[in-house]
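Reviewing the structure listed below.
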């Protein structure tokens with residue numbers, strides 16, 4: 002692992018800058034500019050890899066923005082991750098000071114240069130985004146490009162807007178790919194309704210003949226045809242307070258109305274069922290997105306479930322592909338040495354809930370992208386179904 | 002509401018640019034530059050407020066970045082929200098194309114100007130952040146400042162790193178304020194352990210004398226002193242499978258071990274209890290943060306709870322202040338007109354789960370900031386405790 006140190010002595014800052022920059026004539030071949038960098042380094046926050054292999058100087062411009070003012074890695078040390086480690090140290094320095102954006106200016110792409118092409122590729126590889134080539138900032142031969150990176154930690158939850166009302170057979174992967182630029186490691190969260198609709202899991206109540214049991218449970222308040230659909234989807238009625246039913250579904254989930262829902266149905270007098278196999282639905286969408294975009298994302302299919310002891314619903318995962326579903330900390334130890342022998346975290350459910358916060362219920366935003374969360378894995382949401390015999394909470 | 006239109010006719014673009022810019026000599030007093038803007042507008046994506054009140058032209062530089070190339074609002078229309086609406090339209094245009102950053106260059110602060118001071122204040126008010134003053138990009142008298150905004154929708158979840166191990170009496174508000182720049186509308190999520198520790202809710206097992214009942218429940222496997230602490234915190238044992246206990250706590254929550262936890266305790270042979278009144282703890286922290294930073298944030302205190310029917314734990318809200326806890330959609334209608342008569346969403350629990358994803362369990366990151374989610378309110382987490390008689394799921 003590369004060991005990064007912050008250099009606090011002004012003379013040492015300039016010394017390491019000089020040794021490194023003199024080793025890089027392809028980038029720092031103009032004597033006046035190079036001398037200016039060496040001089041400026043003395044007064045700037047500076048990180049280095051010792052003895053004199055690489056360095057990076059920062060310049061804070063505003064309370065929220067700092068710049069990588071100059072950076073260099075000695076030629077023989079290239080391609081060993083030193084630059085990446087220096088940038089990581091610079092980002093941590095920024096975060097400690099509440100700085101949100103780190104930026105850098107380098108030679109722009111309109112002037113071809115093998116060295117600077119590699120420099121820009123490096124910055125883009127560590128997450129910088131080019132804003133604009135600034136002609137006239139330096140001289141006419143040397144256009145500057147400014148690149149920026151948001152250095153905050155954590156993750157983002159972004160709705161995908163503008164999806165049409167979905168119908169059976171719609172190509173959801175195509176509709177999503179058109180509306181957003183996915184990246185490797187993103188998690189795409191899709192509300193169950195969207196998946197069920199494209200899979201044709203919609204029942205017209207006019208086609209349902211309610212049984213006597215359904216009529217009895219429906220009483221005066223409910224539509225017996227809807228109750229019949231619930232009975233058809235349920236393998237077990239877990240709680241019954243007519244006309245409200247909590248059921249275990251064929252998929253193993255315990256939820257209100259066996260997941261049968263009339264809200265957000267494509268038309269009045271229809272109800273939407275859960276996907277037949279939501280894990281398979283997630284895997285299919287993941288594969289279609291990979292074929293279409295070349296990008297490897299995780300997919301979680303969610304639904305809003307009630308739960309005992311607590312009011313209201315939260316969204317949980319009912320289908321998953323390419324993601325960690327349960328994070329098991331068994332055997333790991335906390336900082337005092339206490340072994341966490343029963344700490345298992347339902348990360349897929351927490352991701353589902355986070356996505357719900359941008360779904361809303363009334364608008365048509367059934368898809369969100371989670372970016373910046375490392376939850377790659379290969380578990381299924383079915384792993385969240387607890388075997389009744391081991392369910393202490395039940 | 003301001004009606005924004007996209008202008009597609011090149012001549013009309015230049016015409017509206019000319020009318021507006023000629024009305025703003027304080028900003029556009031240099032004939033050559035103004036003529037260049039009017040000419041350039043013809044070829045740029047342009048939004049306007051009709052008839053000829055305001056306009057904004059965009060220039061896309063890279064697949065991920067575009068610039069507000071020129072923008073103007075006629076003087077008599079100032080301070081009516083036209084500029085804000087134009088920027089919102091520009092952001093939507095960017096999002097539709099997968100563009101992440103919108104930037105703008107304007108006169109920098111080192112050259113005083115009442116007009117441009119207002120311009121920069123406007124951009125900052127709509128979320129732009131100044132990166133750097135670029136001397137030499139324009140002419141020596143006119144330093145350019147470049148400001149940038151991340152136009153993606155949705156919200157961010159950011160861990161606060163570097164908090165020390167917490168002790169009774171620590172000033173958590175001060176420790177948080179030192180480590181992050183909070184903004185109005187942020188939600189600060191704090192793991193229960195952090196709150197309990199500063200409130201001194203830690204019990205040394207050496208001081209506990211277990212009762213006969215505690216010894217019986219502990220059996221051979223568990224520490225009877227820990228069981229005694231659980232019994233002391235419980236008002237009702239909801240499920241008992243010795244030595245595992247699910248209890249209703251004094252606060253009304255149903256959870257494993259009545260919330261008594263040995264992991265992440267400050268020292269071995271100690272256990273941490275839930276805060277006495279987590280809603281009050283949240284309100285206190287909120288008030289202390291307001292006093293210290295002047296910023297109005299929401300606060301949610303969380304804990305990891307198991308639940309029936311589903312494996313593993315999710316973090317839920319046990320304390321809240323200044324936030325919406327349950328979003329009630331009763332009476333609202335979905336797009337087909339179906340009335341959502343029972344859709345209540347436990348947004349505070351979903352926020353708690355989102356924050357857990359950056360907490361981890363083994364490291365000391367017990368605080369996260371949620372930014373970009375509009376959940377201001379004044380509910381309490383106690384509202385999430387469901388009255389047993391209405392709990393169909395129970």
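Chains as they are written, first to last, in our numbering: chain S, 2 to 395; chain C, 2 to 395. Beta carbons are placed, not taken as given, at the ideal position from N, Cα and C, and that holds for glycine. Computed from a prediction, not measured in an experiment: that's the story for all the values here.
Pair within 7 Å by beta-carbon distance, residue i and residue j
{"i": "residue 189(C)", "j": "residue 370(C)", "result": "yes"}
{"i": "residue 247(S)", "j": "residue 301(S)", "result": "no"}
{"i": "residue 67(C)", "j": "residue 57(C)", "result": "no"}
{"i": "residue 307(S)", "j": "residue 314(S)", "result": "yes"}
{"i": "residue 84(S)", "j": "residue 123(S)", "result": "yes"}
{"i": "residue 185(S)", "j": "residue 280(S)", "result": "no"}
{"i": "residue 42(S)", "j": "residue 106(S)", "result": "no"}
{"i": "residue 227(C)", "j": "residue 273(C)", "result": "no"}
{"i": "residue 196(C)", "j": "residue 276(C)", "result": "yes"}
{"i": "residue 383(C)", "j": "residue 349(C)", "result": "no"}
{"i": "residue 409(S)", "j": "residue 255(S)", "result": "Given a span of 2 to 395 for chain S in the structure shown, any question on residue 409(S) remains unanswerable."}
{"i": "residue 150(S)", "j": "residue 218(S)", "result": "no"}
{"i": "residue 192(S)", "j": "residue 367(S)", "result": "yes"}
{"i": "residue 156(S)", "j": "residue 374(S)", "result": "yes"}
{"i": "residue 18(C)", "j": "residue 39(C)", "result": "yes"}
{"i": "residue 232(S)", "j": "residue 207(S)", "result": "no"}
{"i": "residue 20(C)", "j": "residue 53(C)", "result": "yes"}
Proximity test, Cβ basis, 7 Å: residue i and chain C
{"i": "residue 184(S)", "result": "no"}
{"i": "residue 157(S)", "result": "yes"}
{"i": "residue 236(S)", "result": "no"}
{"i": "residue 314(S)", "result": "yes"}
{"i": "residue 131(S)", "result": "yes"}
{"i": "residue 350(S)", "result": "yes"}
{"i": "residue 360(S)", "result": "no"}
{"i": "residue 120(S)", "result": "no"}
{"i": "residue 149(S)", "result": "yes"}
{"i": "residue 152(S)", "result": "no"}
{"i": "residue 66(S)", "result": "yes"}
{"i": "residue 128(S)", "result": "no"}
Any C-beta of chain S under 7 Å from that of residue i
{"i": "residue 262(C)", "result": "no"}
{"i": "residue 302(C)", "result": "no"}
{"i": "residue 357(C)", "result": "yes"}
{"i": "residue 347(C)", "result": "yes"}
{"i": "residue 245(C)", "result": "yes"}
Residue nearest to residue i in terms of C-alpha spacing, selected from the options
{"i": "residue 51(C)", "options": "40(C), 86(C), 30(C) and 36(C)", "result": "86(C)"}
{"i": "residue 89(C)", "options": "366(C), 49(C) and 54(C)", "result": "49(C)"}
{"i": "residue 187(C)", "options": "72(C), 347(C), 33(C) and 294(C)", "result": "294(C)"}
{"i": "residue 25(C)", "options": "71(C), 4(C) and 232(C)", "result": "71(C)"}
{"i": "residue 225(S)", "options": "238(S), 233(S), 211(S) and 345(S)", "result": "211(S)"}
{"i": "residue 16(C)", "options": "4(C), 3(C) and 37(C)", "result": "37(C)"}
{"i": "residue 180(S)", "options": "161(S), 318(S) and 346(S)", "result": "161(S)"}
{"i": "residue 170(C)", "options": "11(C), 150(C) and 203(C)", "result": "203(C)"}
{"i": "residue 4(S)", "options": "147(S), 385(S) and 82(S)", "result": "82(S)"}
{"i": "residue 1(S)", "options": "176(C), 127(C) and 346(C)", "result": "There is no way to answer for residue 1(S), as the model of chain S reaches only from 2 to 395."}
{"i": "residue 395(C)", "options": "309(S), 220(S), 230(S) and 164(S)", "result": "309(S)"}
Own chain partners of residue i with C-beta closer than 8 Å, once the 5 adjacent residues on each side are dropped
{"i": "residue 35(C)", "result": "22, 23 and 29"}
{"i": "residue 96(C)", "result": "152, 153 and 154"}
{"i": "residue 112(S)", "result": "142, 143 and 144"}
{"i": "residue 396(S)", "result": "Residue 396(S) is absent from the model: chain S starts at 2 and stops at 395."}
Close-in-space but distant-in-sequence residues of the same chain around residue i (CB under 6 Å, 5 per side omitted)
{"i": "residue 1(S)", "result": "What the structure shows of chain S is the stretch from 2 to 395, and residue 1(S) is not part of that stretch, so it cannot be assessed."}
{"i": "residue 7(C)", "result": "48"}
{"i": "residue 222(C)", "result": "244"}
{"i": "residue 287(C)", "result": "300, 322 and 323"}
{"i": "residue 139(C)", "result": "145"}
{"i": "residue 344(S)", "result": "330"}
{"i": "residue 265(S)", "result": "194"}
{"i": "residue 253(C)", "result": "386"}
Nonlocal neighbours in the same chain, by C-beta distance under 7 Å from residue i, ignoring five residues either side
{"i": "residue 205(S)", "result": "270 and 271"}
{"i": "residue 174(S)", "result": "286, 289, 290 and 293"}
{"i": "residue 147(C)", "result": "104, 106, 132, 133 and 135"}
The ligand GDP heavy atom lying under 6 Å from the CB of residue i
{"i": "residue 125(C)", "result": "The ligand GDP is absent from the structure shown, which contains no ligand whatsoever."}
Would you say the segment 321 to 329 of chain S touches the segment 283 to 301 of chain S, given that touching needs at least three Cβ pairs under 8 Å? Judged by Cβ distances under 8 Å, the segment 321 to 329 of chain S makes contact with the segment 283 to 301 of chain S, as three or more pairs qualify.
Three or more beta-carbon pairs under 8 Å between the segment 129 to 144 of chain C and the segment 62 to 79 of chain S, yes or no? yes
For the structure I just gave you, are there three or more beta carbon pairs, one from the segment 257 to 269 of chain S and one from the segment 282 to 291 of chain S, closer than 8 Å? no
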